[in-house]
Amino acid sequence: MNVSALNSLEELERLYREEALPPTPVVEARARWIGTSLGIADVPLLVGEGDIEEIIETPSVVPVPGTKPWVMGVAAHMGGLLPIISGDVFFRKRPYQGRVRDWCMVIRRGGFHFGMTLSAVERDLKFPVEQRDMTAPVDPDFAPFTDGGFHHRDRFLAVLDTDRLVADSDLADASAPVPQTSEETSNDQD
36 MNVSALNSLE ELERLYREEA LPPTPVVEAR ARWIGTSLGI ADVPLLVGEG
86 DIEEIIETPS VVPVPGTKPW VMGVAAHMGG LLPIISGDVF FRKRPYQGRV
136 RDWCMVIRRG GFHFGMTLSA VERDLKFPVE QRDMTAPVDP DFAPFTDGGF
186 HHRDRFLAVL DTDRLVADSD LADASAPVPQ TSEETSNDQD
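Here it is, written out as structure tokens:
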């Protein structure tokens, strides 16, 4: 190799050292929990990203006789039928009277596909995973269906665990109990 080529290479290396930018420091990405802030029965909750299919306007329903009080009925949705559940009645276990619930979340999990009415729809939120609080008190009607939560501004937002929700035996059987006749009642007492 000739000397001028080596000199050129050394000069190029020197210029590179003098003008090159320092390497960008590697910053560890913080794991983030991402979900939607919403309300059911006026309880503020979070639902994880991917846990709901969509949020829609609560559709008109056709009542289904012989179902539990929390089943509002079925609605036409994307070419099929979608059962619509009153979130207020399901969680509070009592009849709901109040303003119409304009929105519902659609959940498709483990063979279940249904809509549940919402009392509020806020926005998507992100939290550092390490800030998840597993000890904060949760509304007792929702506690069996939550998995910790996050503090946001002046309130605690429990995370609704949709897997626990769809695994609930009450949700799995929407048929109303058959009332016993007086004869059946007296036979049960014998």
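The numbering of the sequence shown is the working numbering, which starts it at 36 and goes up by one. From the three backbone atoms N, C-alpha and C, an ideal C-beta is built for every residue, glycine too.
*Based on Cα-Cα distance, which residue from Thr102, Thr59 and Asp159 lies nearest to Gly74?*
Counting from one through the sequence shown, the residue named residue 74 turns up at place 39. Gly74 has its Cα closest to that of Asp159, out of Thr102, Thr59 and Asp159.
*Taking the continuous beta strand (DSSP E) assigned at Ser72, which residues delimit it?*
For the purposes of this step, residue 72 is identified with residue 37 of the sequence shown, where counting begins at 1. That run of the beta strand (DSSP E) goes Arg67 to Ile75.
*Give the range of the beta strand (DSSP E) segment to which Leu200 is assigned.*
Counting from one through the sequence shown, the residue named residue 200 turns up at place 165. Looking at the DSSP string, Leu200 is not in any beta strand (DSSP E); the run it does join, the alpha helix (DSSP H), is Thr197 to Ala202.
_8 Å Cβ cutoff met for Arg144 and Val201_ = In the sequence shown, residue 144 corresponds to position 109, counting from 1. In the sequence shown, residue 201 corresponds to position 166, counting from 1. In contact: Arg144 and Val201 (Cβ atoms closer than 8 Å).
*asked:* Runs of 4 residues minimum, wholly inside the region 95-152: which ones carry the alpha helix (DSSP H) assignment?
replied: 122-127
*Which residue's Cα is closest to the Cα of Val213: Gly101, Asp86, Ser95 and Pro58?*
Taking the sequence shown and counting its residues from 1, the one referred to as residue 213 is at position 178. For the residues Gly101, Asp86, Ser95 and Pro58, the minimum Cα distance to Val213 belongs to Gly101.
*For Val156, which residues does DSSP report across the bridge?*
To locate residue 156, count along the sequence shown from 1; it is residue 121. For Val156, which the question treats as bridged, DSSP gives the partners Leu73.
*Since Ala76 and Asp123 are thought to touch, with beta carbons under 8 Å apart, how far apart are those beta carbons, to the nearest angstrom?*
If you number the sequence shown from 1, residue 76 lands on position 41. If you number the sequence shown from 1, residue 123 lands on position 88. With 8 Å as the limit, Ala76 and Asp123 qualify as a contact, their Cβ atoms being about 4 Å apart.
*Could you say which of Ile119, Glu84, Val61 and Ala171 lies nearest to Thr152 if we only look at CA atoms?*
Taking the first residue of the sequence shown as 1, we reach residue 152 at position 117. Nearest C-alpha to Thr152: Ile119.
*Pairwise C-alpha distance: Ala111 and Arg167*: What you label residue 167 is simply residue 132 of the sequence shown in a count that begins at 1. What you label residue 111 is simply residue 76 of the sequence shown in a count that begins at 1. Arg167 and Ala111: Cα-Cα distance of roughly 38 Å.
*CA-CA distance, Lys103 and Cys139?*
For the purposes of this step, residue 103 is taken as the residue at position 68 of the sequence shown. For the purposes of this step, residue 139 is taken as the residue at position 104 of the sequence shown. Spanning the two alpha carbons is a distance of roughly 18 Å.
*Spatial neighbours of Pro98 in its chain, beta-carbon cut-off 8 Å, leaving aside the 5 residues before and after*: Reading the sequence shown from its first residue, position 63 is the one you call residue 98. These residues qualify, in order along the chain: Met107 and Gly108.
_Run of the beta strand (DSSP E) containing Asp182, from where it starts to where it stops_ = As a working mapping, residue 182 is identified with position 147 in the sequence shown. Its beta strand (DSSP E) spans residues Thr181 to His187.
*asked:* Residues in the same chain with beta-carbon distance under 7 Å from Ala211, minus the five sequence neighbours each way, listed in chain order, please.
replied: Looking up residue 211 in the sequence shown gives position 176. The answer, listed in chain order, is Gly101, Thr102 and Lys103.
*asked:* Let me check one thing: in DSSP terms, what residues is Phe177 bridge-paired to?
replied: Taking the sequence shown and counting its residues from 1, the one referred to as residue 177 is at position 142. Note: Phe177 sits in no beta bridge, so no partner.
_Cβ-Cβ separation, Thr197 to Val82 (assumed contact under 8 Å), whole Å_ = Locating residue 82 in the sequence shown gives position 47, where the first residue counts as 1. Locating residue 197 in the sequence shown gives position 162, where the first residue counts as 1. Sure, about 7 Å apart at Cβ, within 8 Å.
_Quick check on Ser39: buried or exposed, where buried means 16 or more other Cβ atoms within 10 Å of its Cβ?_
Translated into the one-based positions of the sequence shown, residue 39 becomes position 4. Looking at its Cβ environment, which holds fewer than 16 other Cβ atoms inside 10 Å, Ser39 is exposed.
*Cα separation between Pro68 and Thr93?*
By one-based count along the sequence shown, residue 68 stands at place 33. By one-based count along the sequence shown, residue 93 stands at place 58. A small correction: the amino acid at residue 68 is Trp; Pro does not occupy that position in the sequence shown. Their Cα atoms are separated by approximately 27 Å.
*Just the Cα atoms here: how many angstroms apart are Glu45 and Pro57?*
Mapped onto the sequence shown, residue 45 falls at position 10. Mapped onto the sequence shown, residue 57 falls at position 22. Computed Cα separation, rounded: 20 Å.
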